Amino acid sequence: MMKLARVVSVVSVLLSAFALASACTDDAENGPGLSLEAGALDAQGQESADGSAAPDVNTPSPSADAGPDTTTSTSDAASLDGGDGAATDATGVSDAPSDAPSDGAADASDGAASIGALHFDGVNDRVYLPTTPDAGAANETAFTVELWFRTTALTGTFFEVYGKTGGADRFIYLEAGKPCFYVYGSPTTEMCGATAGFNDGQWHHIAGTLGATGGMRLYVDGALAGSAATPNKSTFTWDTDFVLGYGHIGFLSGLVSFAGDLDEVRLWSVERTGAEIAANYNKAVAANSAGLQGYWKLDESGSTATAQDQTAGAHHGTLTNFTFAMSPWVGGAL
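For the sequence shown, numbering that gives the first Met the number 0 puts the final residue at 333, and the numbers step up evenly by one.
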């Protein structure tokens, strides 16, 4: 029996050796070796579908000190801003023209938000504001008008005191790219900033003040741009309206329509100081501020044809000649 067991054992060894030899191949490209047949296992011990072992594609998890993962995929590299439809990339930069003011104008750090403005077509759009809002709003001794404008046109009138019986006074406008302030009187005075180029398509602030303290002054983007002595009392009759987006250009004949955007129109019955202009030109102000007679934020939307006055006087303006196939209400300065 022991001899038979040994024979069986020897036969088993010989059969195993023969099977191993049969599995060996001579690969002309890779040399002798073992061929991995279908049903082979990959590096994770899983059977591959095509009979070849799949490579190990697992990547190690980032180590705790490797820092945050800053990789941005194509799908989330751009998102749409629901407010204006402008695409914003991963850095927060929009692909649309900025509605935010430039050159020291308001931004988020100032607590201001770009809410709305009114676009004028440069043909015949204008806004008529009611008869002199309150006593003193257009008086002869103390006056301030201020607003934001954005345009690429060289010339256009932003604001004008418009007499119902003819004549005009105290208008602010752009002439050859220079912001200007005009006061009718004796002598009639036109004052323009020394620097042109304010038709750059960016938001800018302009203010004209008149009073016993500073005389006649022009401010651009919060800084003094010109000054002159106060003209003698005007002979202008104050049976008046105010108009936005249409009027005279200094001593030039004829009337000019404005092409561009206006925002945050404020009319005061006081002479605002340089410090007050600088401190508040890029901020909204309280509707009950002392001396504020009219405040048209121009934040309306859609097909609204009225410019709301924020003051208690409720001197709402009327949009005239505007078409609403595309809303004239656009992103604003404040």
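Note that the Cβ used here is the ideal one computed from N, Cα and C, for glycine as well. Computed from a predicted structure; not experimentally measured.
Closest to residue i by CA distance: which of the options is it?
{"i": "E145", "options": "H247, A175, N320 and L243", "result": "L243"}
{"i": "H314", "options": "G121, L251, Y294 and S226", "result": "Y294"}
{"i": "L153", "options": "A211, Y183 and D199", "result": "D199"}
{"i": "S300", "options": "T188, F142, S268 and L318", "result": "L318"}
{"i": "R216", "options": "P186, I276 and D262", "result": "I276"}
{"i": "S256", "options": "F321, G166, T212 and P129", "result": "F321"}
{"i": "C179", "options": "T150, F197 and C191", "result": "C191"}
{"i": "T140", "options": "S185, S268 and G316", "result": "S268"}
{"i": "S326", "options": "D308, Q307 and S302", "result": "S302"}
{"i": "L183", "options": "G166, K177, A193 and F197", "result": "One point to set straight first is that residue 183 is Tyr, not Leu, in the sequence displayed. For Y183, the nearest C-alpha among the options comes from G166."}
{"i": "S185", "options": "K282, N231, A324 and V122", "result": "N231"}
{"i": "Q307", "options": "T188, P129 and F323", "result": "P129"}
Using beta-carbon positions only, say whether residue i and residue j come within less than 8 Å of one another.
{"i": "G259", "j": "G155", "result": "yes"}
{"i": "D220", "j": "H247", "result": "no"}
{"i": "A195", "j": "A224", "result": "no"}
{"i": "G331", "j": "D298", "result": "yes"}
{"i": "V160", "j": "F241", "result": "yes"}
{"i": "T310", "j": "Q292", "result": "yes"}
{"i": "I205", "j": "F142", "result": "no"}
{"i": "H118", "j": "V329", "result": "yes"}
{"i": "A228", "j": "G210", "result": "no"}
{"i": "G337", "j": "Y127", "result": "What the structure shows of the chain is the stretch from 0 to 333, and residue 337 is not part of that stretch, so it cannot be assessed."}
{"i": "Y280", "j": "R125", "result": "no"}
{"i": "K177", "j": "F158", "result": "no"}
For the beta strand (DSSP E) holding residue i, just list the boundary residues, first then last.
{"i": "G210", "result": "H203 to G210"}
{"i": "Y127", "result": "R125 to L128"}
{"i": "S226", "result": "A222 to A227"}
{"i": "H247", "result": "No beta strand (DSSP E) holds H247; DSSP gives it neither H nor E."}
{"i": "L254", "result": "Element bounds for L254: n/a, residue is neither H nor E."}
{"i": "L153", "result": "Looking at the DSSP string, L153 is not in any beta strand (DSSP E), and its letter there is neither H nor E."}
{"i": "G214", "result": "G214 to V219"}
{"i": "A116", "result": "A116 to D120"}
Pick helix, strand or coil for residue i, following the three-state DSSP scheme.
{"i": "E174", "result": "strand"}
{"i": "A332", "result": "coil"}
{"i": "G293", "result": "strand"}
{"i": "G259", "result": "strand"}
{"i": "G273", "result": "helix"}
{"i": "A324", "result": "coil"}
{"i": "G316", "result": "strand"}
{"i": "N281", "result": "coil"}
{"i": "T187", "result": "coil"}
{"i": "N198", "result": "coil"}
{"i": "D298", "result": "coil"}
{"i": "L146", "result": "strand"}
{"i": "S101", "result": "Residue placement at S101 is flagged as unreliable, the pLDDT there being 41, under the threshold of 50; the coordinate-derived value follows with that caveat. If DSSP states are grouped into helix, strand and coil, S101 belongs with coil."}
{"i": "N287", "result": "coil"}
{"i": "T305", "result": "strand"}
{"i": "A193", "result": "coil"}
{"i": "A141", "result": "coil"}
{"i": "A167", "result": "strand"}
{"i": "V264", "result": "strand"}
Nearer than 7 Å: is that true of the beta carbon of residue i relative to any heavy atom of the ligand HEM?
{"i": "N281", "result": "In the structure on display, the ligand HEM does not appear, and there are no ligands present to speak of."}
Quick check: the stretch 168-187 against the stretch 267-281, are there 3 or more CB pairs under 8 Å? Because the criterion of three Cβ pairs below 8 Å is not met, the stretch 168-187 and the stretch 267-281 do not touch.
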